[in-house]
Structure formats: structure tokens, C-alpha cells
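Everything below concerns the one structure shown next.
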Amino acid sequence: MTDLEHILSSLDDMKGVDITPLDVSTLTSITDHMVIVTGKNTRHTRSMMLALIDLYPSLTCGKPVIEGDDYNEWILVNFGDVIVHIMLAHVRDYYAIEKLWSKDL
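Numbering-wise, the sequence shown is residues 31 to 135 according to the working numbering.
Now the structure itself:
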């Protein structure tokens, strides 16, 4: 399994909602993939973040850098090659990251 597949599997195991992987390798040099997932509440977003941190030793990508875990409405987990956005539904709807990183821009 690739790092991306491990991450997607972990988010699915944690019952993440609307898990959306994006290949952004041709759009930016900062990462190859972004994953956007919705959490049911702040406890759920934090649990998904902790599950990804626990997954790190089995991955080949970089050590995760975490941002946004103070409020848990939008948590970014940056593994280098894969960046994961864990968001509450209203935050995800407001920022519409999928549209920002669309290849149709």
C-alpha cells in the first residue's frame, strides 16, 4: 500500500465523512496529494488527527506537522507528500477547498 492508501484507509476506519483525495502534483510543488475529510464534531476531527499521527511510523513520508488542533474545526496534518485537511462540515462548505484545487481553474 502507498502512503496515500494507508491514510485513506485510516480515515475510513475512523468513519471520516466524504473522504476526497486530490492529486495536486501538477498544480503545486508543495505536495503531491491532498485529502479532505469531514468530521462529525470536534472530538471526531481530533480522533482522526490522532489516528493519523499513530499511523506515521508505518509510512515512508515525512513526520507529520499539525496545525489547527487548538479548536479542532479545521486540522491540517502535513506529511509532506500528502496533506490532510480534517474539517467540520460548515468549515468545509465555507472554504470549498476542492474547488480551489480543481484542475479546471
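Note that beta-carbon positions come from the ideal geometry of N, C-alpha and C, so glycine has one too.
Check                                                                                                               : Outcome
Outcome for aspartate 43 when other beta-carbon atoms lying within 10 angstroms are tallied against a minimum of 16 : exposed
Buried or exposed by the 16-neighbour rule on C-beta atoms within 10 Å, applied to aspartate 53                     : exposed
Nearest-angstrom Cβ-Cβ length linking proline 51 and valine 65, presumed shorter than 8 Å                           : 5 Å
Endpoints, alpha helix (DSSP H) assigned at isoleucine 83                                                           : 72-85
Helix, strand or coil at valine 54 [DSSP, three-state]                                                              : coil
Cβ-based burial, methionine 31 [other Cβ within 10 Å; buried from 16]                                               : exposed
Nearest-angstrom beta carbon gap, valine 114 and isoleucine 37 [assumed within contact, 8 Å]                        : 6 Å
Runs of beta strand (DSSP E) wholly within the region 95-125 (minimum 3 residues, chain order)                      : 95-97, 104-108, 112-118
Same chain, Cβ closer than 6 Å to asparagine 108, five either side skipped, listed in chain order                   : Val95
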